[in-house]
DNA sequence: TCGGTAAGCTGACGGCATGACAGGACAAGT
DNA sequence: ACTTGTCCTGTCATGCCGTCAGCTTACCGA
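Protein chains in written order, with UniProt numbering: chain A, 1 to 215; chain B, 1 to 215.
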């Protein structure tokens with residue numbers, strides 16, 4: 001399924017080559033965490049990896065190309081976010097638990113990958129389809145599950161037909177992503193982490209079920 | 001109040017200088033709309049403005065410095081967002097109207113300034129305090145008004161005390177900002193603009209009042 | 001053991017962006 | 001015309017970009 005890893009000039013990468021490639025990706029990841037995206041230079045990444053810029057260009061067309069690579073692998077890992085919502089109940093007490101777990105898992109995932117997600121978000125907002133697709137891939141699992149939950153509640157008459165399930169789900173997911181990306185920012189609004197989670201869970205619960213949670 | 005505009009080397013800018021400076025800012029704005037932030041170069045901005053890179057560096061320390069300038073002026077303009085929520089009612093039918101107007105105004109503002117807001121968002125997420133402050137300045141007006149509305153409803157027993165007004169308000173504002181920044185993205189989720197607004201208004205209404213709207 | 005072959009890496013180079021400076025162009029007042 | 005202070009640009013040293021030829025290393029079959 002996965003074609004062999006290839007260098008830019010078409011050779012297949014062997015054991016050693018793959019290791020170098022991976023080291024470059026790791027170092028790039030670190031750099032993204034410690035300095036602004038705009039200031040990440042190929043030469044710095046190469047130096048940190050103990051190699052030369054030319055080597056970098058053997059494996060990636062440019063910085064953006066390497067970033068896409070990192071983002072792809074993160075997206076795969078992010079597929080596990082589905083489990084936070086798939087097959088869970090959105091009625092009664094269970095609904096509150098579901099909402100809480102979703103928020104908790106979502107924030108944790110974002111915190112873990114914040115540096116790369118920032119760049120993906122930027123790329124997507126700038127209209128780059130490649131970044132856009134990756135962002136979709138991550139959010140889709142959660143989004144679809146939420147939309148399904150809403151549709152299900154609608155079919156059972158618990159939620160009004162006038163609600164657009166996809167739009168509400170998408171908005172909630174966007175909210176989670178945005179808040180997760182600015183978690184630090186909330187602190188200077190005088191909002192602590194511990195207060196943030198219940199509030200998000202409340203909003204998710206309200207959005208999906210249309211009702212206040214019964215805890 | 002506003003100190004005179006100064007060049008990097010300390011001279012005060014006169015009529016002609018200010019015009020050049022403004023032209024550079026305008027051209028930078030255009031470039032931000034048409035190409036990725038990472039690829040915006042001083043030389044391109046200067047060329048487009050019909051001047052030389054050296055001139056650019058006379059008025060701004062670097063690209064980021066100029067971007068901050070644009071963002072500041074946008075933030076001032078953004079203060080008008082307050083009017084969307086200040087002194088409006090969050091009870092009965094009026095609440096739905098308030099929510100709709102807020103969403104409408106917010107999305108419009110974001111659409112108008114999307115390029116610069118993307119960069120501000122990135123800077124803030126990367127932890128740059130200067131960008132962070134600007135983002136706050138824009139969102140604060142809306143955020144505070146929403147938080148006040150929730151607190152008001154709480155004091156009148158319409159909303160439970162367990163709700164953290166600031167956290168909910170902040171989350172809602174983050175949602176609006178994020179959705180606004182990825183408006184195009186929703187289209188490939190099969191969600192049209194026209195369906196998005198009511199959904200956002202619904203969520204805002206739910207978040208503030210805790211109840212479904214009565215239209 | 002010994003080439004042969006392909007993978008892996010780098011030094012070096014032209015090209016371009018950066019950022020600093022000094023000096024020329026220009027407008028306004030005398 | 002002269003002076004003064006603002007405004008712009010030519011030029012230069014520096015450093016990163018992206019590419020290539022060519023060297024080293026690892027693997028493999030004879």
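We treat Cβ as the ideally placed atom computed from N, Cα and C, and that holds for glycine. This one's a predicted model, so the numbers in the text were calculated from it and none came from an experiment.
Item                                                                                                                                      : Value
Closer than 8 Å at the beta carbon, the chain A residues around residue 151 of chain B                                                    : Going along chain A, no residue has its Cβ under 8 Å from residue 151 of chain B, so there is no contact; the nearest lies around 13 Å.
Secondary structure of residue 6 of chain B, DSSP reduced to three states                                                                 : strand
Uninterrupted alpha helix (DSSP H) stretches inside the stretch 64-128 of chain A (no shorter than 4 residues)                            : 92-112, 114-125
Segment contact flag, the stretch 19-29 of chain B with the stretch 130-141 of chain A, C-beta cutoff 8 Å, min 3 pairs                    : no
Counted within 10 angstroms of its Cβ, other Cβ atoms place residue 198 of chain A as buried (16 or more) or exposed                      : buried
Same chain only: Cβ atoms within 6 Å of residue 57 of chain A, ignoring 5 sequence neighbours per side                                    : none
Residues bridged to residue 12 of chain B (per DSSP)                                                                                      : B:6
Pick from A:7, A:21, A:87, A:44 that is closest to residue 149 of chain A, judged by C-alpha positions                                    : A:87
C-beta atoms of residue 142 of chain A and residue 173 of chain A nearer than 7 Å                                                         : yes
Beta-carbon proximity list for residue 2 of chain A, same chain, < 6 Å, skipping 5 on both sides                                          : Confidence at residue 2 of chain A is low in this model, with a pLDDT of 49, below 50, so its placement is unreliable and the value that follows should be read with caution. Result list for residue 2 of chain A: empty, nothing under 6 Å.
Range covered by the alpha helix (DSSP H) that runs through residue 207 of chain B                                                        : 193-209
Nearest neighbour of residue 21 of chain A, chosen from A:126, A:214, A:82, A:67 [CA to CA]                                               : A:67
Chain A contact for residue 189 of chain B (CB, 7 Å cutoff)                                                                               : yes
As assigned by DSSP and simplified to three states, the class of residue 51 of chain B                                                    : coil
Bounding residues of the alpha helix (DSSP H) (the contiguous stretch that carries residue 171 of chain B)                                : 165-181
Residues that residue 93 of chain A contacts on chain B, provided the C-beta gap is smaller than 9 Å                                      : Per Cβ cutoff of 9 Å: no residues; residue 93 of chain A is ~16 Å from chain B at best.
For residue 182 of chain B, the nearest candidate out of A:32, A:177, A:185 (CA to CA)                                                    : A:177
Neighbour-count burial assignment, residue 118 of chain A, 16 or more Cβ in a 10 Å radius                                                 : buried
Buried or exposed (CB count within 10 angstroms, at least 16 for buried), residue 155 of chain B                                          : exposed
Under 8 Å from the C-beta of residue 212 of chain A: neighbouring residues of chain B                                                     : 160, 210
Own chain partners of residue 160 of chain A with C-beta closer than 8 Å, once the 5 adjacent residues on each side are dropped           : 154, 210
Cut-off 8 Å between Cβ atoms - residues of its own chain near residue 61 of chain A, not counting five sequence neighbours on either side : 8
is_contact[residue 179 of chain A, chain B] using C-beta, thresh 7 Å                                                                      : yes
Nearest to residue 108 of chain B (by Cα), restricted to the options B:78, B:89, B:123, B:30                                              : B:78
Residue environment, residue 121 of chain B, which counts as buried when at least 16 other CB atoms sit within 10 Å                       : buried
Neighbour flag for residue 38 of chain A against chain B, beta carbons, 7 Å                                                               : yes
Residue-chain proximity (residue 200 of chain B, chain A), Cβ-Cβ < 7 Å                                                                    : yes
Nearest to residue 168 of chain A (by Cα), restricted to the options A:15, A:180, A:144                                                   : A:144
Chain-ordered neighbours of residue 132 of chain A on chain B, where CB pairs are closer than 7 Å                                         : 185
CA-to-CA distance, residue 175 of chain B to residue 203 of chain B, given in whole angstroms                                             : 10 Å
Residue 81 of chain A and residue 101 of chain A closer than 7 Å at C-beta                                                                : no
Residue closest to residue 71 of chain B, alpha-carbon to alpha-carbon, out of B:44, B:32, B:39, B:49                                     : B:32
Proximity test, Cβ basis, 7 Å: residue 196 of chain B and chain A                                                                         : yes
Length of the line joining the Cα atoms of residue 91 of chain B and residue 200 of chain B                                               : 18 Å
Residues from the stretch 164-177 of chain A in contact with chain B, defined by Cβ distance under 8 Å                                    : 164, 166, 167, 168, 170, 171, 172, 174, 175, 177
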